[in-house]
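Enquirer: Quick one: the structure is below, and I'll ask about it shortly.
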Amino acid sequence: MIKVLQKAGGDAFIDDKVLYTSYGMKMRLETLVYRYLEEDIYDWIHTGNIGKLEELVLTGYADLLLGRNHEVEDADSIGFLEVLPQYQAKIQAIHKAVETGNLRAVRLLTDRKKLALCRDSRGLSPLHKAIVFDRADIAKYLIRNYPHSVNAMDQKKRTPLHYAAAYRDGGYLYKMMRKSGADPNIYDCNGRPAKYYLKHPGEIDLSAMRLDTKAALKQVLHNRVAPSYLESSIQQWLRDGQLAKLEQLVLSGSGDLLQNRSGTNPEPI
Numbered sequence: 001m002i003k004v005l006q007k008a009g010g011d012a013f014i015d016d017k018v019l020y021t022s023y024g025m026k027m028r029l030e031t032l033v034y035r036y037l038e039e040d041i042y043d044w045i046h047t048g049n050i051g052k053l054e055e056l057v058l059t060g061y062a063d064l065l066l067g068r069n070h071e072v073e074d075a076d077s078i079g080f081l082e083v084l085p086q087y088q089a090k091i092q093a094i095h096k097a098v099e100t101g102n103l104r105a106v107r108l109l110t111d112r113k114k115l116a117l118c119r120d121s122r123g124l125s126p127l128h129k130a131i132v133f134d135r136a137d138i139a140k141y142l143i144r145n146y147p148h149s150v151n152a153m154d155q156k157k158r159t160p161l162h163y164a165a166a167y168r169d170g171g172y173l174y175k176m177m178r179k180s181g182a183d184p185n186i187y188d189c190n191g192r193p194a195k196y197y198l199k200h201p202g203e204i205d206l207s208a209m210r211l212d213t214k215a216a217l218k219q220v221l222h223n224r225v226a227p228s229y230l231e232s233s234i235q236q237w238l239r240d241g242q243l244a245k246l247e248q249l250v251l252s253g254s255g256d257l258l259q260n261r262s263g264t265n266p267e268p269i
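According to the UniProt record's numbering, the sequence shown is numbered sequentially starting from 1.
This is the structure we're talking about:
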């Protein structure tokens, strides 16, 4: 079974550094990956794999589960899908509280460690968003109480540390995250570690991101597939030696995504 990472990973649907990724290739990739994701969702809802369904919701793709109640006979899945709207509403409330600077609401709503990692439509965790919206008090609260969130990645493979590097506070949040275990060696989709943005903060335009919420939501609803899913799928296919799926990836025109990778399966890939 293909696994969906809880942490958002590499976005294979973003244009490359020189913008040579073709629209047709992107569409083929989306179709291919969406088909496998649909297969997994079908399996999860029919076997009552609530853990996987919850991961999908927490990574910001609950919309993929909407309207499926009539397909399900498993009691656990039925129960989960019935409360899904409330679960979605809670996640949305967390992000709204961060955006508006309501620390009290953030404290009340993030009553589980998993919820500190819940993503919005752009793959932003509450900690990412606290920095984007200039909510330093909320960022400090999340770092102190949910230090595991400092290495969460968004759809561009940026952790909160990348954002903190571009945040103009004299490096306070950056240093705080480093002390809490933030990994400085995680590279974003442009191949840059967080420290790069200490010297080039303008390359992450936080103010523009605050204005981009609606546009990003429309894009996600159009694309439908979690960008992190492709990266985790490739890793799983390589581990399991799933040659048919790797071959389809190559035939889709995306064999370059397999460069500099190796599988653990003894069969040649």
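C-beta: ideal position from N, C-alpha, C; glycine also.
On a predicted model such as this, the values are computed, not experimentally measured, just so you know.
1) Thinking C-alpha only, which one of A75, Q235, Y87 is nearest L56?
2) How many Å lie between H200 and H46 at the Cα?
3) What is the residue span of the alpha helix (DSSP H) that Q88 lies within?
4) Could you tell me the alpha carbon to alpha carbon distance between L108 and L246, rounded to whole angstroms?
5) For D188, which three-state DSSP category applies?
6) Give every residue of the same chain whose Cβ lies closer than 6 Å to the Cβ of K52, excluding the five residues on either side of it in the sequence, and list them in chain order.
7) Hey, out of A182, L65, Y42, V132, whose CA is closest to D205's CA?
8) Out of curiosity, what's the CA-to-CA distance linking L84 and R144?
9) In the structure shown, what three-state DSSP assignment does G202 receive?
10) Return helix, strand or coil for Y167, following the three-state DSSP convention.
11) If you reduce the DSSP assignment to three classes, tell me which class L211 lands in.
Expert: Checking against the coordinates, here is how it stands:
1) As a first step, residue 56 must be located in the sequence shown, where it is residue number 56. L56 has its Cα closest to that of Y87, out of A75, Q235, Y87.
2) Walking along the sequence shown from the start, residue 200 turns up at place 200. Walking along the sequence shown from the start, residue 46 turns up at place 46. Their backbone Cα atoms lie some 48 Å apart in a straight line.
3) If you number the sequence shown from 1, residue 88 lands on position 88. Counting along the chain, the alpha helix (DSSP H) containing Q88 begins and ends at 75 to 100.
4) If you number the sequence shown from 1, residue 108 lands on position 108. If you number the sequence shown from 1, residue 246 lands on position 246. Annotation: L108 to L246 spans about 45 Å, alpha carbon to alpha carbon.
5) As a first step, residue 188 must be located in the sequence shown, where it is residue number 188. If DSSP states are grouped into helix, strand and coil, D188 belongs with coil.
6) Sequence index remark: in the sequence shown, residue 52 carries index 52 (1-based). Hits under 6 Å: W44.
7) Within the sequence shown, numbered from 1, the residue matching residue 205 stands at position 205. Comparing Cα-Cα distances from D205 to each of A182, L65, Y42, V132, the minimum goes to V132.
8) For this step, residue 84 is matched to residue 84 along the sequence shown. For this step, residue 144 is matched to residue 144 along the sequence shown. Approximately 29 Å, taken between the alpha carbons.
9) Here residue 202 refers to the residue found at position 202 when the sequence shown is read from its first residue. Under the three-state reduction of DSSP, G202 is assigned to helix.
10) As a first step, residue 167 is located in the sequence shown; it is residue number 167 there, counting from the start. Per DSSP, reduced to three states, the secondary structure at Y167 is coil, with no helix or strand assignment.
11) Numbered from its first residue, the sequence shown carries residue 211 at position 211. DSSP places L211 in coil when its eight states are reduced to three.
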